[in-house]
Amino acid sequence: SPYAAPALLVKKKDQTWRLVIDYKKLNAITIKDNYPLPNMEATLQTLGAGYHYFSKLDLKFGFWQLPINEKDRFKTAFITPFGLFEWLVLPQGLRNSPPSFQRIMNNVLGAYSEFCLVYLDDIIIFSKDFNQHLNHIEQVLNASKSHNLILNPAKCEIAKQQIEYLGHVITPTTISPTSEKIKSITSLPEP
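Okay, so the sequence shown: first residue is 14 according to our numbering, each after it adds one.
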């Protein structure tokens, strides 16, 4: 492959390692996909409309569930001490990975937008009553299954009346920033 982005390992919060590829050069010559990511403020406004039950679904290795067109794989090449490798699935770090992923998720779950919102691999289901909520969960799970999307059960939360989503705590009556979000703002140095 004429492409060979450098790879490195970065330690995550849980002390495990994440492989990171520096795609700066490839991203600089990539035509930008302008497909929009959801507006976070509009999403939060929707969730603040008196819903009583919330479920959050998380896709396991979200981007990696989407295969890359075979003719484009060579562009994702990265180099390590063990050789040159190419991705078969959508990696993080490519300029168009987020909009491509969002487009696919909207195609899979967009028909359920009255009770399900998606921000990349974070899915939230919201309902006014419990039985309705169970029905909504079933519809979203069936759609996900029919598209071979795999969830990460450890990060899923089902039928909660308080849930964290996109850095906010959501209840039937309030939406407020998480304590981590508040701390990150209050700990900023004064100008």
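Glycine included, every Cβ here is placed at the ideal spot set by N, Cα and C.
Which residues in the same chain have their Cβ closer than 8 Å to the Cβ of aspartate 35, if we skip the five residues on either side of it in sequence? Ala18, Pro19, Ala20, Leu21, Gly106
Skipping 5 residues on each side, what residues in its chain have a beta carbon closer than 7 Å to that of threonine 43? Around threonine 43: Arg108, Asn109.
Which full runs of the beta strand (DSSP E) of 3+ residues lie inside the stretch 109 to 151, going along the chain? Entirely contained in the stretch 109 to 151, the beta strand (DSSP E) runs reaching 3 residues are, in chain order, 129 to 132, 135 to 140.
Is glycine 75 helix, strand or coil when you go by DSSP? helix
Helix, strand or coil: which one does DSSP assign to isoleucine 198? helix
Measure the C-alpha to C-alpha separation of valine 131 and alanine 172 and round it to an integer number of angstroms. Looking at the two C-alpha atoms, the distance is approximately 17 Å.
At least 3 beta-carbon pairs within less than 8 Å: the stretch 181 to 199 vs the stretch 91 to 100: no
Please classify proline 15: is it buried, with 16 or more other beta-carbons within 10 angstroms of its beta-carbon, or exposed? By the neighbour-count rule (16 or more Cβ atoms within 10 Å), proline 15 is not buried but exposed.
Using the Cα positions of aspartate 71 and tryptophan 100, report the straight-line distance between them to the nearest angstrom. 22 Å
Close Cβ partners of isoleucine 81 (< 7 Å) along its chain, the five nearest in sequence each way excluded: Thr89, Trp100, Leu101, Val102, Leu103
Figure out for me which residue from Ala55, Leu32, Ser159, Lys25 has the closest Cα to the Cα of asparagine 120. Looking at the Cα atoms, Ser159 is the closest of the given residues.
If I measure Cβ to Cβ from threonine 59 and keep anything under 7 Å in the same chain, skipping five residues before and after, which residues do I get? For threonine 59, where only same-chain residues beyond five positions count, the Cβ hits under 7 Å are Leu130.
Over what stretch of residues does the alpha helix (DSSP H) that includes threonine 56 continue unbroken? 53 to 60
Since lysine 24 is in the beta strand (DSSP E), which residue starts that stretch and which ends it? 18 to 24
Nearest-angstrom Cα separation, counted from glycine 75 out to isoleucine 117: 11 Å
DSSP on serine 159, reduced to helix/strand/coil? helix
Quick check on this structure: which residue in Ile176, Ser192, Gly180 has the alpha carbon closest to the alpha carbon of threonine 186? Ile176
Pop quiz: isoleucine 150 and serine 200 are said to be a contact at Cβ under 8 Å. What is the actual Cβ separation, rounded to whole angstroms? Not confirmed; about 37 Å, so no contact.
Among residues of its own chain, excluding the 5 on either side of threonine 184, which ones have a beta-carbon nearer than 6 Å to its beta-carbon? Gln175
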